[in-house]
Amino acid sequence: MPKARIAVLISGRGSNLQALIDAANDPGFPAEIGLVISNRPKAAGLERAAKAGISQETIDHKDFETREDFEAALNDALKIAKIDFICLAGFMRRLTDGFASDWRGRLINIHPSLLPAFKGLHVHERMIEAGVKLAGCTVHFVSSEVDAGPIIGQAAVPVLPGDDADMLAARILEQEHKLYPACLKLLIEGKARLSGHTVPYTNDVAASGAVTNPPTT
Ligand code: GRF
Numbered sequence: 452m453p454k455a456r457i458a459v460l461i462s463g464r465g466s467n468l469q470a471l472i473d474a475a476n477d478p479g480f481p482a483e484i485g486l487v488i489s490n491r492p493k494a495a496g497l498e499r500a501a502k503a504g505i506s507q508e509t510i511d512h513k514d515f516e517t518r519e520d521f522e523a524a525l526n527d528a529l530k531i532a533k534i535d536f537i538c539l540a541g542f543m544r545r546l547t548d549g550f551a552s553d554w555r556g557r558l559i560n561i562h563p564s565l566l567p568a569f570k571g572l573h574v575h576e577r578m579i580e581a582g583v584k585l586a587g588c589t590v591h592f593v594s595s596e597v598d599a600g601p602i603i604g605q606a607a608v609p610v611l612p613g614d615d616a617d618m619l620a621a622r623i624l625e626q627e628h629k630l631y632p633a634c635l636k637l638l639i640e641g642k643a644r645l646s647g648h649t650v651p652y653t654n655d656v657a658a659s660g661a662v663t664n665p666p667t668t
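In terms of this note's numbering, the sequence shown opens at residue 452 and continues consecutively.
Written out as structure tokens, the structure is:
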């Protein structure tokens, strides 16, 4: 079976991009990364793409008057690169309803909380402030509402006594790097299917590594 072609959209350091690059280096992984797009010219993640020999483009949102114009440029680049699926990985632009619906079922994101709790920004600080005892990350389909689309997979981590936001972020990030490739694989293999507003929790999903409880030790 030919490999699915993935675009990864970034705005910053790109550690999740790196996790996807590493996963795709395994010959058994069902996807190849065909394109990395950053909306910020100085995103450190661009260097990771360059090092891996992956095509990359900067499409700076500041060069466009409207979100629609920016997204038209994204779509042109995605079409030229024959992209099948898009992974948002620290991509800091809100996408329009039109873009989300054009790519419905083929556009996913990773977020550093157990959604639907703690949508939005400054998540780790807010979790520490709220005194939660369990945290984690979520991979979900992108819908028009930010951080609200159907959930594909989640990994939970404990919040430990004395944690600050950075310590918690590092513990979650370690799980993000495992969760994102596992969920992408599920999606490409057709095992994470949209059904209305959810992805049904099947045995395939449970067995895939896309749902992880916190370590008990
Ligand atoms: C990650 O925590 C991701 O969950 C969130 O933005 C951060 C991006 O980090 N959406 P990186 O650029 O992948 O290192």
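Positions of the beta carbon are idealized from the N, C-alpha and C atoms, including for glycine. The structure presented is a predicted model; accordingly, all values stated were derived computationally and were not measured.
Can you give, in chain order, each stretch of the alpha helix (DSSP H) that sits fully within the stretch 500 to 586 and has at least 4 residues? 518 to 531, 548 to 553 and 574 to 581
Below 8 Å, can you find three or more Cβ-Cβ pairs linking the stretch 652 to 660 to the stretch 498 to 506? no
I need the DSSP call for L471, collapsed to helix, strand or coil. Reduced to three states, the DSSP call for L471 is helix.
Report the three-state DSSP secondary structure of L635 (helix, strand or coil). helix
Excluding sequence positions up to five away, which residues of its chain have a Cβ less than 8 Å from the Cβ of I510? I488, S489, N490, F521, A524, L525 and A528
Does DSSP put R432 in a helix, a strand or coil? With the chain running from 452 to 668 in the structure shown, residue 432 is simply not present.
For a quick check, are the C-beta atoms of A482 and I457 less than 8 Å apart? yes
Proximity of P651 and A474 at Cβ, strictly below 8 Å: Against a cut-off of 8 Å, the Cβ pair of A474 and P651 comes out as no contact.
Quick check: what's the CA-CA separation for E516 versus H591? 29 Å
Closer than 8 Å by C-beta to Q507: which residues in its own chain qualify, once you throw out the five before and the five after it? Chain order, please. If the five residues before and after Q507 are omitted, its C-beta is found closer than 8 Å to the C-beta atoms of L486, V487, I488, S489, L497, A500 and A501, all from its own chain and listed in chain order.
Grab me the residues of T547's own chain with a C-beta within less than 7 Å of its C-beta, minus the 5 sequence neighbours each way, in chain order. R518, E519 and E522
Beta-carbon within less than 6 Å of A540's beta-carbon, same chain only, minus the 5 sequence neighbours each way: which residues are those? V459, I461, N467 and L468
Enumerate in chain order the residues of its own chain whose CB-to-CB distance from N654 is below 6 Å, with the five nearest sequence positions on each side excluded. Closer than 6 Å at Cβ, skipping near neighbours: no residue.
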